[in-house]
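Participant: Here it is: the structure, laid out below.
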Amino acid sequence: MRVSVTTPVWGCSTDNLIGIAKLAEDSSIYGILSPEVPPYSALANASILSNHTKETLVGTWIANIYLRHPVLCAAESMTIQEYSSDRLMLGLGVSHKPVNSRLGIEMGDPIESMRNYVNSVRSYVDGSSDQISLKRKTNPFPIYIAGLTEKTAQLAGEIADGLMPYLAGPEHLKKLKESVLKGRESSSLSSDFVMTTGLPSFISEDLDLATEVARKSLSGYARLPFYQRVLKLSGYEDVVKSIEDGENPAEALTPELVNELALVGPVSKCKETLLKYSEAGADMPIITPNPVGKQSPLEVMEQIIQVID
9 MRVSVTTPVW GCSTDNLIGI AKLAEDSSIY GILSPEVPPY SALANASILS
59 NHTKETLVGT WIANIYLRHP VLCAAESMTI QEYSSDRLML GLGVSHKPVN
109 SRLGIEMGDP IESMRNYVNS VRSYVDGSSD QISLKRKTNP FPIYIAGLTE
159 KTAQLAGEIA DGLMPYLAGP EHLKKLKESV LKGRESSSLS SDFVMTTGLP
209 SFISEDLDLA TEVARKSLSG YARLPFYQRV LKLSGYEDVV KSIEDGENPA
259 EALTPELVNE LALVGPVSKC KETLLKYSEA GADMPIITPN PVGKQSPLEV
309 MEQIIQVID
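Taking this note's numbering, the leading residue of the sequence shown gets 9, the next gets one more, and so forth.
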């Protein structure tokens, strides 16, 4: 099983990025990917990660398409692809309406925006764009898109090399994979499609503590419409209804929910959850690190490696 890991969602120092990269390089981690939450740039972080690894794949999870023109995304990605000797995985997403609105960004139709963006990036990289020629030769790199619904999964099957859902339960993951296959039927792409799944981790021998930390840490996601939708699609309509009715998300998220959708508790239990998602169709689980108690980013990464090994 190929398992990748992200750097901390809310960012970390460049020293910690380098330390995480070195730990990943010396382990069985398949790829190390950077989230994008301002003031951190996913592509800039991926560049640092590539500078301190030789075999581990590097990339983004997930770069917001509304924050940079596709020609700049293509140019930055080509630099990382060239420097890393073809180890880039480019993950793209639309972020969330509340986040983009705060920045004065009008999202328009997210599905069509993503379709146009991915096609533009590919055209700049392969030289087929009629707008501009980058006059630069690099090998193509896989493009993954974030997606939580069957409609987005079908789009991924049409235009992308992989799908990056998050907080999607095993049964919903199976439905997403079916939609990917439907989209692939009308695609001109010949690459092997990679179904990933994002799994937040809260690793600790103290299961009760890990569960409580998970409920609090994931409560912020439960406030966002896109994630409320995926929670409903994963069978937690009652939880979302409670939040919509005004209940504190940290209290509404049940122990059952976080223990199904995340790696929670001792290493042995987390291994079992990871296997469950592999059996549900995840070709490459992507683990996102979260501390339980006073843990540094490097200590959390060391625990994740124990789960993977």
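Heads up, the beta-carbon is just placed ideally off N, CA and C, and yes, glycines get one too.
Kindly indicate which residue of 83, 86, 31 has the alpha-carbon position closest to the one of residue 64.
Facilitator: The residue you call residue 64 lines up with position 56 of the sequence shown. Ranking the options by Cα distance to residue 64, first place goes to 31.
Participant: Exposed or buried, which one is residue 139 when buried takes at least 16 other CB atoms within 10 Å?
Facilitator: Position 131 of the sequence shown, counted from the first residue, corresponds to residue 139. Under this definition residue 139 is an exposed residue.
Participant: Can you give me the C-alpha to C-alpha distance between residue 281 and residue 157, rounded to a whole angstrom?
Facilitator: Indexing the sequence shown from 1 puts residue 281 at position 273. Indexing the sequence shown from 1 puts residue 157 at position 149. Taking the straight line from one Cα to the other gives about 22 Å.
Participant: Terminal residues of the continuous beta strand (DSSP E) containing residue 309?
Facilitator: Here residue 309 refers to the residue found at position 301 of the sequence shown. Unbroken run through residue 309 is the alpha helix (DSSP H), 305-316; no beta strand (DSSP E).
Participant: Three or more beta-carbon pairs under 8 Å between the stretch 173-189 and the stretch 285-297, yes or no?
Facilitator: Enough Cβ pairs lie closer than 8 Å, so yes.
Participant: Please report the straight-line C-alpha distance between residue 263 and residue 130, rounded to a whole angstrom.
Facilitator: One-based indexing of the sequence shown puts residue 263 at position 255. One-based indexing of the sequence shown puts residue 130 at position 122. Those two C-alpha atoms are separated by around 42 Å.
Participant: Would you call the CB atoms of residue 70 and residue 25 closer than 8 Å?
Facilitator: On the sequence shown, position 62 is the one that residue 70 refers to. On the sequence shown, position 17 is the one that residue 25 refers to. Taking 8 Å as the Cβ cut-off, residue 70 and residue 25 do not qualify as a contacting pair.
Participant: With residue 86 as the anchor, note down where its alpha helix (DSSP H) starts and where it stops.
Facilitator: Locating residue 86 in the sequence shown gives position 78, where the first residue counts as 1. Where residue 86 is concerned, the enclosing alpha helix (DSSP H) stretches over 78-91.
Participant: Run through DSSP, which three-state label would residue 32 get?
Facilitator: Working through the sequence shown from its first residue, we reach residue 32 at position 24. Here residue 32 sits in helix by DSSP.
Participant: Do residue 275 and residue 315 have their beta-carbon atoms positioned less than 8 Å apart in this structure?
Facilitator: Counting from one through the sequence shown, the residue named residue 315 turns up at place 307. Counting from one through the sequence shown, the residue named residue 275 turns up at place 267. Contact: yes.
Participant: For residue 181, which residues from the same chain have a beta carbon less than 8 Å from its beta carbon, with the 5 sequence-adjacent residues on both sides left out?
Facilitator: Against the sequence shown, residue 181 aligns to sequence position 173. The residues are 173, 203, 205, 285, 288, 289, 290.
Participant: If you measure between the beta carbons of residue 115 and residue 74, is that distance less than 8 Å?
Facilitator: Taking the first residue of the sequence shown as position 1, residue 115 is located at position 107. Taking the first residue of the sequence shown as position 1, residue 74 is located at position 66. Yes, Cβ-Cβ distance for residue 115 and residue 74 is below 8 Å.
Participant: Would a C-beta distance cut-off of 8 Å place residue 83 and residue 126 closer than the cut-off?
Facilitator: Position 75 of the sequence shown holds residue 83. Position 118 of the sequence shown holds residue 126. Result no, Cβ atoms of residue 83 and residue 126 do not sit closer than 8 Å.
Participant: Based on the DSSP secondary-structure assignment, which residues constitute the bridge partners of residue 297?
Facilitator: Your numbering for residue 297 matches position 289 in the sequence shown. Answer is 209.
Participant: I'd like the span of the beta strand (DSSP E) that includes residue 333, first residue to last.
Facilitator: Because the chain here runs from 9 to 317, residue 333 falls outside it and cannot be looked at.
Participant: So, with DSSP's three-state summary, where would you put residue 21?
Facilitator: Position 13 of the sequence shown, counted from the start, is the residue given in the question as residue 21. Correct three-state label for residue 21: coil.
Participant: Mind reading off the beta-carbon distance from residue 300 to residue 211? Whole number of angstroms is fine, and I expect it under 8 Å.
Facilitator: Numbered from its first residue, the sequence shown carries residue 300 at position 292. Numbered from its first residue, the sequence shown carries residue 211 at position 203. The Cβ separation is near 7 Å, so the contact holds.
Participant: Whose CA, out of 230, 267, 17, lies closest to the CA of residue 249?
Facilitator: Here residue 249 corresponds to residue number 241 of the sequence shown, with the count starting at 1. Comparing Cα-Cα distances from residue 249 to each of 230, 267, 17, the minimum goes to 230.
Participant: If I measure Cβ to Cβ from residue 61 and keep anything under 6 Å in the same chain, skipping five residues before and after, which residues do I get?
Facilitator: The residue labelled residue 61 in the question sits at position 53 within the sequence shown. Closer than 6 Å at the Cβ level, and outside the excluded window around residue 61, lie 29, 33.
Participant: For the candidate residues 95, 123, 107, whose alpha-carbon lies nearest to that of residue 45?
Facilitator: Against the sequence shown, residue 45 aligns to sequence position 37. When only C-alpha atoms are compared, the closest one is 107.
Participant: Within 10 Å of its beta-carbon, does residue 143 have 16 or more other beta-carbons around it, so buried, or fewer, so exposed?
Facilitator: In the sequence shown, the residue the question calls residue 143 occupies position 135. Flag for residue 143 reads exposed.
Participant: In three-state terms, what does DSSP make of residue 122?
Facilitator: Residue 122 sits at position 114 when you count from the first residue of the sequence shown. Helix at residue 122.
Participant: Any idea which residues DSSP pairs residue 167 with across the strands?
Facilitator: For the purposes of this step, residue 167 is taken as residue 159 along the sequence shown, with counting starting at 1. Bridge partners of residue 167: none, in fact.
Participant: DSSP puts residue 14 in a beta bridge; with which residues?
Facilitator: Sequence index remark: in the sequence shown, residue 14 carries index 6 (1-based). Paired residue(s): 41.
Participant: Does DSSP put residue 161 in a helix, in a strand, or in coil?
Facilitator: On the sequence shown, residue 161 is found 153 positions in, with the first residue counted as 1. Helix at residue 161.
Participant: Shortest alpha-carbon distance to residue 47 belongs to which of 37, 27, 17?
Facilitator: Looking up residue 47 in the sequence shown gives position 39. Ranking 37, 27, 17 by Cα distance to residue 47 puts 17 first.
Participant: By the three-class DSSP mapping on this structure, what secondary structure does residue 52 have?
Facilitator: What you label residue 52 is simply residue 44 of the sequence shown in a count that begins at 1. Residue state, collapsed to three classes: helix.
Participant: Taking a contact to mean a Cβ-Cβ separation below 8 Å, would you say residue 66 touches residue 88 in this structure?
Facilitator: What you label residue 66 is simply residue 58 of the sequence shown in a count that begins at 1. What you label residue 88 is simply residue 80 of the sequence shown in a count that begins at 1. Yes, Cβ-Cβ distance for residue 66 and residue 88 is below 8 Å.
Participant: What does DSSP give as the partner residue(s) for residue 102 in the beta ladder?
Facilitator: Position 94 of the sequence shown holds residue 102. Its beta-bridge partners do not exist; DSSP assigns none.
Participant: If you measure between the beta carbons of residue 161 and residue 184, is that distance less than 8 Å?
Facilitator: The sequence position of residue 161 within the sequence shown is 153, counting from 1. The sequence position of residue 184 within the sequence shown is 176, counting from 1. Going by C-beta atoms, residue 161 is nearer than 8 Å to residue 184.
Participant: Just mark residue 283 as buried or exposed, buried being the case when its beta carbon has 16 or more other beta carbons within 10 Å.
Facilitator: Here residue 283 is taken as the residue at index 275 of the sequence shown, counted from 1. It is exposed - the Cβ of residue 283 has fewer than 16 other Cβ atoms within 10 Å.
Participant: For residue 325, is the classification buried or exposed, using 16 other Cβ atoms within 10 angstroms of its Cβ as the cut-off for buried?
Facilitator: Outside the displayed range of the chain (9 to 317) lies residue 325, so it cannot be described from this structure.
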